[in-house]
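For the sequence shown, the residue numbers in the numbering used here are 2 to 128.
Before any comments, here is the structure.
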Amino acid sequence: MSTPTRRSTRKRERTVELQPHIEAGLKDLFAGNEQTIRDKFEGADKDNAAQLVDRIKTVMGQEDVTVENALSRYVPTEVLSSYAVKKEKSGKGSAMVLAQRLLALWQKENAEASPSKKTKPQSVRIG
């Protein structure tokens, strides 16, 4: 009789691919707040916004959480609030509410920046 093999209990280093506008928004959020945010992550040893984005993507893959959940867990509410105010949005609410607000803002900014694919043909009046 053979003994079953044990599965490793170590978490794999899975990362999540994010849309470019969300990744850019995260870098903007983290810029200037690296020290505060770095303390929440194991393995992030540099004060570098790009490295912190990579780290949050890894955490999202390991824990299977959304961007909003990761932001509300790993970014202090004060940082989310001050960034929202900087972007001329309300800084009030819980960490989750602020994270959702920022994600909606980044999606809106992306939609406004991309050219519209549906354009109505111009009607011409004859007469």
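Cβ atoms here follow ideal geometry from the backbone N, Cα and C, with glycine treated the same way.
Computed from a predicted structure; not experimentally measured.
(message) Within 10 Å of its beta-carbon, does Arg129 have 16 or more other beta-carbons around it, so buried, or fewer, so exposed?
(response) This structure cannot settle anything about residue 129, because the visible part of the chain is limited to 2 through 128.
(message) Closer than 8 Å is the cut-off here; do at least three beta carbon pairs connect the region 82-97 with the region 49-59?
(response) no
(message) Under DSSP, the alpha helix (DSSP H) around Pro21 begins and ends at which residues?
(response) Pro21 to Phe31
(message) Do Trp107 and Ile23 have their beta-carbon atoms positioned less than 7 Å apart in this structure?
(response) yes
(request) Classify Lys1 as helix, strand or coil using the three-state DSSP reduction. (result) The requested residue 1 does not occur in the structure, where the chain is confined to residues 2 to 128.
(request) Look at the alpha carbon of Gln101 and the alpha carbon of Asn34, and state the distance between them as a whole number of angstroms. (result) 19 Å
(message) With distance defined between alpha-carbon atoms, name the residue in Lys87, Val60, Glu89 and Lys90 nearest to Arg154.
(response) Because residue 154 is not part of the residues shown, which for the chain are 2 to 128, the question remains open.
(request) Kindly give me the distance between the Cβ atoms of Leu104 and Val68, rounded to whole angstroms, as I take these residues to be in contact under 8 Å. (result) 6 Å
(request) Just tell me which of Ser115, Ala112 and Val17 has its CA closest to the CA of Gln63. (result) Val17
(message) For a test of the three-state rule: what should DSSP assign to Ser91, helix, strand or coil?
(response) coil
(message) Buried or exposed, going by whether 16 or more other CB atoms sit within 10 Å of the CB of Lys109?
(response) Classification of Lys109: exposed, given that the 10 Å Cβ count is below 16.
(request) Pull up the distance between the alpha-carbon of Asp48 and that of Leu81, whole angstroms please. (result) 18 Å
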